[in-house]
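Take 332 as the starting number for the sequence shown in the working numbering and just add one per residue. The next block holds one structure in the form of structure tokens; read it before the comments.
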Amino acid sequence: MTNWLFHLRGAPLSARIGLALIVIYAILALFAPLIAPYGESEVAGAAYQPWIAPYYLGTDALGRDVMSRLIYGARNTVGLALITTCLAFLIGAALGLLAATVGGWVDTALSRLIDVLMAIPSLIFALLILTITGASATALVLVIAALDSTRVFRLSRAVAQGILTMDYIEVARMRGEGLGWIIRREILPNASAPLIAEFGLRFCFVFLFISALSFLGLGLQPPTADWGSMVRESARLISFANFATWQTATFGLAPLLPATAIAILTVAVNLVVDWVLHLSSGLKD
């Protein structure tokens, strides 16, 4: 922890901006009920109110406050993406490290299974499964976690195979250390840097994937606030936009609000990931 705080002091401006944005999103997600002026599904006024007080970002087709739904969307969309990414890493990293360490038929069987899953287009597979099982949050997490764990498996296996050639691994085996001890105490600490960087990238892909499925109507279901579905719902407002007056011109900007929230978080995470990759590479500025 102290080592990371030391590196943080010398972090570039881009990484600090990314961390600051991530902290802001985390605060919005954790304290959404305290920050949002209205409830997640509360009908606050008439439909399609312009951007004036007390509806600073207007209202949607049902009269719900857009600002409040954006804030709650941070909790729902980002929270679901984080849970999914953690599950994908738990599955993929555990199987990847196990396959590399044990080798033999275990490595072959797991690798061929992963190859089969990776050969299926992710979006088509997700659409098929969610159409069959229904678009629930549980099904969404399980399907996307299973798909993304294949990428984590390939990375963790490749990194572990490189570490297994080191002398200290052979020394640990000669001491009689077990499989679990070698993975926990020798391989995992030395593979942490690339895995942390991959976690950030996977989170971005999962986050965008969930938003895409929500836009298609197979993500989080109404009345739950979700940025992907908010883009779809507010897209119809473009037809109401009259750019001669600022009040109706805001209708044309409505779809950009959740889309901008998605884009900003994606960029912020990538800025931090670039910094982590720079640290793990050992290169000097």
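By construction, the Cβ of each residue, glycine as well, lies at the ideal position given by its N, Cα and C atoms. Only a predicted model underlies this, so the values are computations on that prediction, with no experimental measurement involved.
C-alpha distance - residue i paired with residue j, whole-angstrom precision
i    : j    : result
A405 : A367 : 11 Å
T439 : L426 : 12 Å
T469 : G423 : 19 Å
R563 : E517 : 48 Å
L608 : F534 : 15 Å
A580 : I402 : Note that A580 has pLDDT 49, beneath the 50 cutoff, so the model's placement of it is unreliable and the number below is only indicative. The straight-line gap from Cα to Cα measures roughly 23 Å.
P343 : V604 : 12 Å
Y379 : R400 : 14 Å
S480 : P385 : 44 Å
G507 : I513 : 10 Å
G341 : Y356 : 23 Å
W606 : A590 : 25 Å
S467 : P452 : 21 Å
L418 : I541 : 15 Å
L429 : P364 : 42 Å
V354 : L454 : 30 Å
A476 : F546 : 19 Å
I445 : R515 : 23 Å
F538 : M505 : 44 Å
R347 : L532 : 17 Å
G435 : L459 : 34 Å
I383 : T390 : 10 Å
I463 : N407 : 23 Å
V437 : V447 : 16 Å
Host alpha helix (DSSP H) of residue i (start-end)
i    : result
Q492 : A468 to I494
I500 : D498 to M505
R406 : It is not in any alpha helix (DSSP H) - R406 carries neither H nor E in the DSSP assignment.
W512 : L510 to I513
R347 : L344 to L361
G465 : From DSSP, G465 is part of no alpha helix (DSSP H); its letter is neither H nor E.
T439 : G435 to A450
A524 : L519 to F546
R563 : W558 to S565
C-beta atoms of residue i and residue j nearer than 8 Å
i    : j    : result
P586 : S560 : no
A450 : L478 : no
V483 : F536 : no
L596 : V409 : yes
L486 : E529 : yes
V490 : A522 : yes
L461 : L549 : yes
L361 : V433 : no
S442 : L602 : no
L388 : L588 : yes
W558 : A592 : yes
Residue closest to residue i, alpha-carbon to alpha-carbon, out of the options
i    : options                   : result
Q492 : A431, F546, R515 and R504 : A431
L352 : V607, L610, H609 and A594 : A594
G349 : V490, L441 and A599       : A599
P553 : A592, S453, A392 and L365 : A392
L610 : N407, A377, L547 and L526 : L526
Y369 : G465, N601 and A556       : A556
L309 : G465, M505, L532 and L519 : Nothing about residue 309 can be read from this structure; the chain reaches only from 332 to 616.
L519 : R488, F538 and M505       : R488
Can you find at least 3 beta carbon pairs, one from the stretch 368-379 and one from the stretch 396-403, that sit closer than 8 Å? Yes: the two stretches touch, three or more of their Cβ pairs being nearer than 8 Å.
Cβ contact (3+ pairs, closer than 8 Å) linking the stretch 490-505 and the stretch 406-414: Using a Cβ-Cβ distance cut-off of 8 Å, the stretch 490-505 and the stretch 406-414 are not in contact, since fewer than three pairs of beta carbons, one from each stretch, lie closer than that value.
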